[in-house]
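Residue numbers for the sequence shown follow my numbering, beginning at 418 and rising by one. Virtual Cβ for every residue (Gly too), placed ideally from N, Cα, C. Working notes for the structure below.
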Amino acid sequence: MVVSFNKASLFFGGRAIFNEISFQINPGDRIGLVGRNGAGKSTLLKLIAGDYSLDEGSKNMAKEVRIGFLRQDLAMDMKKTIMEIARSAFDEIMRINERMEEINKEFEVRTDYESDSYTRLIEELSILSERFGILGGDNLDESVELVLKGLGFTQDTFHNTLNTFSGGWRMRAELARLLLQKPDLLLLDEPTNHLDIESIMWLEQHLSESNQTLMVVSHDRTFLDNVTTRTIEVTMGKAYDFNAPYSRYLTLREELREKQLATAKNQEREIKQTEELIERFRAKASKASFAQSLIKKLDRMERIEVDDMDTSAMHFKFQPAPRSGKVVVKAEGVKKSYGDLQVLRGVDLEVERGDRVAFVGQNGQGKSTLVKALLKEIPADGLMELGHNVMVGYFAQDQADALDGNKTALQTIEDASPEEMRKHARSMLGAFMFRGEDVDKKVKVLSGGERGRLALCKLLLNPINFLVMDEPTNHLDMNSKDVLKQSLQSFDGTLLVVSHDREFLEGLVTKTIEFRDHKVKTILGGIEYYLEQRKLESMREVEAKSAQKNVQKAKEEAASGLDYKERRQLEKDLRSVVRKLEEVEQEIENLEEEINAWDEQLADPQECKALMADPDFYPKYEEKKSVVGGKMELWEQLNEEKEALESQLSEAS
418 MVVSFNKASL
428 FFGGRAIFNE
438 ISFQINPGDR
448 IGLVGRNGAG
458 KSTLLKLIAG
468 DYSLDEGSKN
478 MAKEVRIGFL
488 RQDLAMDMKK
498 TIMEIARSAF
508 DEIMRINERM
518 EEINKEFEVR
528 TDYESDSYTR
538 LIEELSILSE
548 RFGILGGDNL
558 DESVELVLKG
568 LGFTQDTFHN
578 TLNTFSGGWR
588 MRAELARLLL
598 QKPDLLLLDE
608 PTNHLDIESI
618 MWLEQHLSES
628 NQTLMVVSHD
638 RTFLDNVTTR
648 TIEVTMGKAY
658 DFNAPYSRYL
668 TLREELREKQ
678 LATAKNQERE
688 IKQTEELIER
698 FRAKASKASF
708 AQSLIKKLDR
718 MERIEVDDMD
728 TSAMHFKFQP
738 APRSGKVVVK
748 AEGVKKSYGD
758 LQVLRGVDLE
768 VERGDRVAFV
778 GQNGQGKSTL
788 VKALLKEIPA
798 DGLMELGHNV
808 MVGYFAQDQA
818 DALDGNKTAL
828 QTIEDASPEE
838 MRKHARSMLG
848 AFMFRGEDVD
858 KKVKVLSGGE
868 RGRLALCKLL
878 LNPINFLVMD
888 EPTNHLDMNS
898 KDVLKQSLQS
908 FDGTLLVVSH
918 DREFLEGLVT
928 KTIEFRDHKV
938 KTILGGIEYY
948 LEQRKLESMR
958 EVEAKSAQKN
968 VQKAKEEAAS
978 GLDYKERRQL
988 EKDLRSVVRK
998 LEEVEQEIEN
1008 LEEEINAWDE
1018 QLADPQECKA
1028 LMADPDFYPK
1038 YEEKKSVVGG
1048 KMELWEQLNE
1058 EKEALESQLS
1068 EAS
């Protein structure tokens, strides 16, 4: 047991945040903590970390448990570098290293080699060196570099101070420190909010491959499914514990509630029948004892409770989109720099009416910058123009924070509404879960999720046909994200969305634009197709590195003499490479035959029309050509390896 709660209760302002909740975290548990915005998820993490104390019930911790807590509100030393933040995870290693340096400096000036104190220093240095190795001190920088690069930092930023980075990158630095620290219990509060897709996937793999005891709050369904094996839902003061990842938990939760409803219905029927019998026999002396036994039976009956569910949800639909010109937005040769930092470098882009586009790529590659440049929010070099009759609806990444904090929710909507829409302001706010006194709350006291919903409400006030959304899901809970996705799927205009949420993008977009090396690459397919292509590319990179290592190894061995055993191994390796070459050649031949057959069909107008009727044809065609390219690269690498092995064998003869 790492930590356990027994009938734990916590009250804020007379409201029960938790009411007699009980659960236990065991070593190796990987728990997803889910629930609506405001349900108490972050509060529960703070209870575990010791920030809050319970009002009732008990919390028990194992002795000397080390807790690592990634908070949403970070307090960090802004003068430290990224490398210093990461290396601070190794407190004991750093202390040992400092002491070893002190001893070595002392050795430089001491000459009393036969003294007892000199002998004790040698013994201490030996013990420290052994402990240093056990803790991984010899590979410390390698471990730090691996984690920092996995989270998106580049080598040239390792020694930049924290105050030169945005809040999202500071969070990454703290996350790197916690991952390197390897605490007994790792608490992560929305770790994916400021990560791009590549970093999220790296973090998923890192956490999945470790035996880390973990509790994570996240609204990223895919991340939870890939990282966690258990789900705890907090809702309406209660906690529900399921031994399953998020998607499976949803099914189990629904099945449990259906069983509760059916059982409760049967029990109500039984109670009603028993009460009717009691009334019938109560007045009859001969049946009085029977009536009393029925009354006692009812008193002893444990009433089945159906779990309360928070069924509140947004419900809205975008207005029909006025028709725009065919080209919605066009960009040619767009460049943008901030001082010496070049963010965009000669970007060309065209979005047509009806396109549903996702901007993806590492943070800092210019996704939000290009959006702002296209919409004239910031100046940039190059051609950028909107098409005929384009009406833009823009949800900026900081949209929720850009709202006037001194206005109420009602004033915010009324002031932004056309005259004819103002009378509907209250009903519109109701559709976004602002009811009763909520509409009179000032924006500055609203939660991040509430401000996000208010910003979405503003989008509905005017007709639009080009909807641009920059990270719209960051502060939305699961239910609100689902409602937003459904509304966007039914939106009949042109959509451009910047997002790192794979599950949100699935089935929503049909074109993916990747930002890399300050340029853009268009992939004619949705996020699923894009991720498949990235995996293929990553596999080719791994194969290339492997082949290069084998070539280098062969060259190094050629420089030294070979014994019989080594020669036999080289011959075996050569046969293996030749066999792989033949296999790859056959695969290339088969693929090219398929592509040639398609090319012949495309040259025939009738057959071409039939092929193009299939919306999946072109992505499959491009994917096949991409696979051929990858196989050709692999063929070249294998051929180089073959030549190196042949050369080595020749020199050894």
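May I have the straight-line CA-CA distance separating residue i from residue j, to the nearest angstrom?
i: residue 429; j: residue 940; result: 50 Å
i: residue 908; j: residue 918; result: 19 Å
i: residue 684; j: residue 677; result: 10 Å
i: residue 420; j: residue 666; result: 22 Å
i: residue 875; j: residue 815; result: 14 Å
i: residue 529; j: residue 511; result: 28 Å
i: residue 1010; j: residue 1029; result: 20 Å
i: residue 865; j: residue 892; result: 6 Å
i: residue 711; j: residue 854; result: 48 Å
i: residue 1150; j: residue 915; result: With the chain running from 418 to 1070 in the structure shown, residue 1150 is simply not present.
i: residue 836; j: residue 830; result: 11 Å
i: residue 840; j: residue 832; result: 12 Å
i: residue 597; j: residue 557; result: 9 Å
i: residue 778; j: residue 1063; result: 42 Å
i: residue 434; j: residue 588; result: 27 Å
i: residue 661; j: residue 640; result: 14 Å
i: residue 870; j: residue 686; result: 43 Å
i: residue 690; j: residue 489; result: 55 Å
i: residue 422; j: residue 635; result: 22 Å
i: residue 544; j: residue 445; result: 31 Å
i: residue 975; j: residue 991; result: At residue 975 the pLDDT is 49, less than 50, meaning the model places this residue with poor confidence and gives no usable figure here.
i: residue 460; j: residue 1051; result: 52 Å
i: residue 410; j: residue 617; result: Residue numbering for the chain in the displayed model covers 418 to 1070; residue 410 lies beyond these limits and cannot be assessed.
Excluding the five sequence neighbours on either side, which residues of its own chain have a C-beta within less than 6 Å of the C-beta of residue i, listed in chain order?
i: residue 575; result: 499 and 500
Quick check on the burial criterion: 16 or more other C-beta atoms within 10 angstroms. Buried or exposed for residue i?
i: residue 453; result: buried
i: residue 626; result: exposed
i: residue 594; result: buried
i: residue 473; result: exposed
i: residue 989; result: exposed
i: residue 959; result: Bear in mind that a pLDDT of 47 at residue 959, under 50, signals an unreliable position, so the number given afterwards is only what the model happens to contain. Its Cβ having fewer than 16 others within 10 Å, residue 959 is exposed.
i: residue 638; result: buried
i: residue 608; result: buried
i: residue 1036; result: buried
i: residue 629; result: buried
So, are the CB atoms of residue i and residue j less than 8 Å apart?
i: residue 751; j: residue 760; result: no
i: residue 721; j: residue 656; result: no
i: residue 791; j: residue 746; result: yes
i: residue 493; j: residue 578; result: no
i: residue 418; j: residue 443; result: yes
i: residue 948; j: residue 925; result: no
i: residue 887; j: residue 1045; result: no
i: residue 650; j: residue 809; result: no
i: residue 927; j: residue 943; result: yes
i: residue 663; j: residue 449; result: yes
i: residue 932; j: residue 735; result: no
i: residue 590; j: residue 503; result: yes
i: residue 826; j: residue 860; result: yes
Would you give the residue range spanned by the beta strand (DSSP E) that residue i belongs to?
i: residue 745; result: 744 to 755
i: residue 765; result: 758 to 769
i: residue 885; result: 883 to 887
i: residue 812; result: 809 to 812
i: residue 615; result: Careful: residue 615 lies outside any beta strand (DSSP E), inside the alpha helix (DSSP H) at 614 to 626.
i: residue 477; result: 473 to 478
i: residue 646; result: Element bounds for residue 646: n/a, residue is neither H nor E.
i: residue 802; result: 798 to 803
i: residue 423; result: 420 to 429
Considering only residues of the same chain and omitting the five flanking positions on each side of residue i, which have a CB-CB separation below 7 Å?
i: residue 811; result: 792 and 885
i: residue 708; result: 695, 698 and 699
i: residue 523; result: 538
i: residue 527; result: 535
i: residue 845; result: 830, 874 and 877
i: residue 902; result: 921 and 925
Sorted by chain position, which residues of the same chain lie with C-beta nearer than 8 Å to residue i's C-beta, five sequence neighbours on each side aside?
i: residue 732; result: 848 and 900
i: residue 1048; result: 1001, 1004, 1005 and 1008
i: residue 466; result: 484, 486 and 604
At which residues does the alpha helix (DSSP H) containing residue i begin and terminate?
i: residue 564; result: 557 to 567
i: residue 663; result: 663 to 699
i: residue 716; result: 705 to 717
i: residue 734; result: Residue 734 -> no alpha helix (DSSP H), and no H or E assigned at all.
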